[in-house]
Amino acid sequence: MTRDFARFLRRFAGRISLLLILIVVQSALSIIPILIGQLVIDEGVLAGDAARLTQLGMFLVAVACMHSVTAFAERAFAARIGEDMVLRLRLDLYDHLRQQSVGFFNSAKTGAIASRVHGDVTGVQRLISGTLPSVVSAAVTLLSAGIALIILEWRLAVAVLVAVPLVYGVTAWISRALKIVTRKKLTANATLVSRVVERFSAAGVETIQQYGCAQLERAAFNVDAMRIRDLAVRQVMLGAGLSAALTLTMGVATAGAYVVTGLWTISGTVSMGTMVAMVALLARLYSPVVTLSGIKVDLVAALVSLNRVQEVLNFKPHIMDRPDARKLPPGQGASVVFSNVSFEYPSSTGLSIPSLMGEKLDKQAPRGPTLDRFDLTVEPGMTVGVVGLSGAGKSTLARLLVRSWEATSGRVLVGGMDVRRLTLESLRSTICVVSQAPFLFNDSIRANLLMAKPDADEDELVSVCRDAQIWSVIEAAPDGLETIVGDGGLQMSGGERQRISIARLLLRDPRVVVLDEATSHLDNATENALQQSLQPYLKQRTCLIIAHRLATVRHADLIVVMEGGSLVEKGCHNDLIEAGGLYTRLSRSIPRYPHES
1 MTRDFARFLR
11 RFAGRISLLL
21 ILIVVQSALS
31 IIPILIGQLV
41 IDEGVLAGDA
51 ARLTQLGMFL
61 VAVACMHSVT
71 AFAERAFAAR
81 IGEDMVLRLR
91 LDLYDHLRQQ
101 SVGFFNSAKT
111 GAIASRVHGD
121 VTGVQRLISG
131 TLPSVVSAAV
141 TLLSAGIALI
151 ILEWRLAVAV
161 LVAVPLVYGV
171 TAWISRALKI
181 VTRKKLTANA
191 TLVSRVVERF
201 SAAGVETIQQ
211 YGCAQLERAA
221 FNVDAMRIRD
231 LAVRQVMLGA
241 GLSAALTLTM
251 GVATAGAYVV
261 TGLWTISGTV
271 SMGTMVAMVA
281 LLARLYSPVV
291 TLSGIKVDLV
301 AALVSLNRVQ
311 EVLNFKPHIM
321 DRPDARKLPP
331 GQGASVVFSN
341 VSFEYPSSTG
351 LSIPSLMGEK
361 LDKQAPRGPT
371 LDRFDLTVEP
381 GMTVGVVGLS
391 GAGKSTLARL
401 LVRSWEATSG
411 RVLVGGMDVR
421 RLTLESLRST
431 ICVVSQAPFL
441 FNDSIRANLL
451 MAKPDADEDE
461 LVSVCRDAQI
471 WSVIEAAPDG
481 LETIVGDGGL
491 QMSGGERQRI
501 SIARLLLRDP
511 RVVVLDEATS
521 HLDNATENAL
531 QQSLQPYLKQ
541 RTCLIIAHRL
551 ATVRHADLIV
561 VMEGGSLVEK
571 GCHNDLIEAG
581 GLYTRLSRSI
591 PRYPHES
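For the record, in the sequence shown the residue sitting at position 463 is 463 according to full-length UniProt numbering, with numbers rising by one throughout.
If you want it as structure tokens, here you go:
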């Protein structure tokens, strides 16, 4: 972790060096008034020299001005560097998370990820802009005051140093306890955020209301919130205990210094000015120690946050481009081949970071085979329908095709090339999947469409919406394309979400189209109209249509029937009906619409 952070800090080496110089100058300047104070007493007040007193006073004003300017510059510069680092760290996290596989996010808690990107990064920001300058400033002040004290009276300096091991021992013991409590508190915070994100989504609230479990959920929330409270109180108590112990030590030391230096002054060993300066330096010497003890709380919290951020940045994506990955050559169509493909969803272990996962997910076992030696060839421009009972492995085909998952054995080819040898960007720009429950971002319809083609003009948007049979709905809405779809698109009906996603697919204009139950929420008439509208478009592309409703696939060039992860039948609609196999049984068991008869 330290090596990774050092590498990150090197990006800001020049500005950090300048910041450290400002901190050193500002801290050193804070000691000078104490030393001048000695001269004010001895050479000005006690000597009765008004000219010298005026001269020293003017010098003090000059030092105060310099100290104010450097203090302001140091704080402003530290804040700017800290915020720039946070920006860079957030972008690094975003880019790294974006490269993770679907399995990573299936296993991780959404709130835990949000906590890393926001809460933990903010903790690192406090380290850079607050804790680090305070540590350096306290260290320089401690060193400067110590040197000045040795110069004035080395015997007192030696006596002061005796207390250092005791102070260090107390600090080290409490810091270890603080680190444990801080890590537990951050984990508890992430758990609470996950609960809030899930329960207060539109779907979460609807589920809670439908099943009448609001009180149960409140009790669970209360347990999580109370755990955070208890850990926060313990964290504060540990920090307060450390500060109290050090403050007591400083008080005893200051009292002793007054007695000792007072006796030395009475005996004439030291001057009155030296006595005042030594006591002031002693206070300044212990002040950084108390500051550093308080900073220890922030430092431990920041280092724990840094460790959690680096934990994500160091996690290697499960699926990524190979060193020799290539782009798929351009063309209008692209063949799709599943060659002896077997697949089973792996256990969650290794797919994500354990601290981002729930305990049950972390121990989840593999589900067993989903595909078993599956073979299928889809030529360019061909439409193939895929049907079968739930759990037959139909949707898994789509996930393997875009490398959301990788086949356990066998090969998946697009355009004659193994998908593992294609860049993910090239592969996913070639294939577009519309699922049964498409996701829309909580933004306007326009913004959701423009994800597919950011530079699309108004005419293109209207055209694809007409083809997807959704324009009449958009046109009737008061805000038209600017209509906000809500969290996850839940302001729209299921059928409207599906049609907006199909419009987005048309705007994307991929070479391979996968419709995975993409029209399951549409009524008979709307699905018919959509099929007629899409037919010319799909003829020019390779298309997989996954469906339960047989009417959706009956006009496909080829229909394949899956059972238990294997291909058990294939042919056209009429041939499969006559064969009397699983397809025939499906046609009898699945409710049909008039146009299917």
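For each residue, glycine too, the CB sits at the ideal point set by N, CA and C.
Counting only runs of at least 4 residues, the stretch 308–359 fully encloses no alpha helix (DSSP H) element at all. Residue environment: serine 17 is assigned as exposed (fewer than 16 neighbouring CB atoms within 10 Å of its CB, all protein chains considered). In the structure shown, valine 289 adopts helical secondary structure according to DSSP, grouped into three states. The beta carbon of valine 205 sits closer than 8 Å to those of Arg199, all from its chain and outside the five residues before and after it, given in chain order. Checking the DSSP bridge columns, you'll see valine 412 partnered with Phe338. Aspartate 418 is bridged by DSSP to Leu413. If you check the CB distance, glycine 393 and glycine 565 come in under 7 Å. Cβ-Cβ distances below 7 Å link valine 304 to Lys179, Thr182, Arg183 and Leu186 in the same chain, with the five nearest sequence neighbours on each side left out; the list follows chain order.
DSSP places cysteine 465 outside any beta strand (DSSP E); the residue lies instead in the alpha helix (DSSP H), whose first and last residues are 458–467.
As DSSP reads the structure, cysteine 543 sits in a beta bridge with Thr383 and Val513. With the rule of 3 Cβ pairs closer than 8 Å, the stretch 150–159 counts as touching the stretch 268–279.
According to DSSP, residue pairing for methionine 562 in a beta bridge involves Gly388 and Leu567. Here isoleucine 174 is buried, its C-beta having at least 16 other C-beta atoms within 10 Å.
The beta carbon of serine 520 is closer than 6 Å to those of Gln436 in its chain, skipping five residues each way along the sequence.
Between threonine 131 and alanine 302, the gap from beta carbon to beta carbon is short of 7 Å. The C-beta distance from glutamate 344 to proline 369 rounds to 5 Å, short enough to meet the 8 Å contact threshold. For valine 197, same chain residues with a beta-carbon under 8 Å away, outside a window of 5 residues either side, are Thr110, Gly111 and Ala114 in chain order. Rounded to whole angstroms, serine 243 and proline 133 show a C-alpha spacing of 19 Å.
Membership of valine 473 in the alpha helix (DSSP H) is indicated by the continuous run 471–476. According to DSSP, alanine 71 shares a beta bridge with no other residue. Considering only Ala225, Ile470, Ala398 and Leu127, the residue with the shortest C-alpha distance to phenylalanine 338 is Ala398.
About 27 Å separates the CB atoms of methionine 85 and leucine 29; that is not less than 8 Å, and the two are not in contact. The residue among Ile147, Gly385, Val260 and Ala139 with its C-alpha nearest the C-alpha of aspartate 557 is Gly385. Apart from the 5 residues on each side of it in sequence, histidine 318 sits with its Cβ closer than 8 Å to the Cβ of Gln100, Ser101, Gly103, Phe104, Gly350 and Leu351 in its chain, given in chain order. The Cβ-Cβ distance between isoleucine 484 and serine 444 falls below 7 Å. Relative to the Cα of alanine 190, the nearest Cα in the group Gln26, Val568 and Met357 belongs to Met357. Contact check for leucine 97 against valine 121 fails: the beta carbons are separated by 7 Å or more. Secondary structure within the stretch 212–279: the alpha helix (DSSP H) runs of 4 or more consecutive residues, fully enclosed, are 214–266 (chain order).
With a contact defined as Cβ atoms closer than 8 Å, valine 24 and valine 140 qualify at about 5 Å. In the structure shown, threonine 519 adopts coil according to DSSP, grouped into three states. Residue range 369–378 is occupied by the beta strand (DSSP E) that includes leucine 371. Distances from the alpha-carbon of lysine 539 to those of Val419, Ser137, Ala551 and Arg511 put Arg511 closest. For cysteine 572, the secondary structure class from DSSP, reduced to helix, strand or coil, is coil. Closest in C-alpha terms to arginine 508, from the list Asn448, Leu231, Arg554 and Ser472, comes Asn448. Here the C-alpha atom of arginine 326 lies approximately 6 Å from the C-alpha atom of threonine 423. Taking the Cα positions, methionine 237 is about 14 Å away from valine 170.
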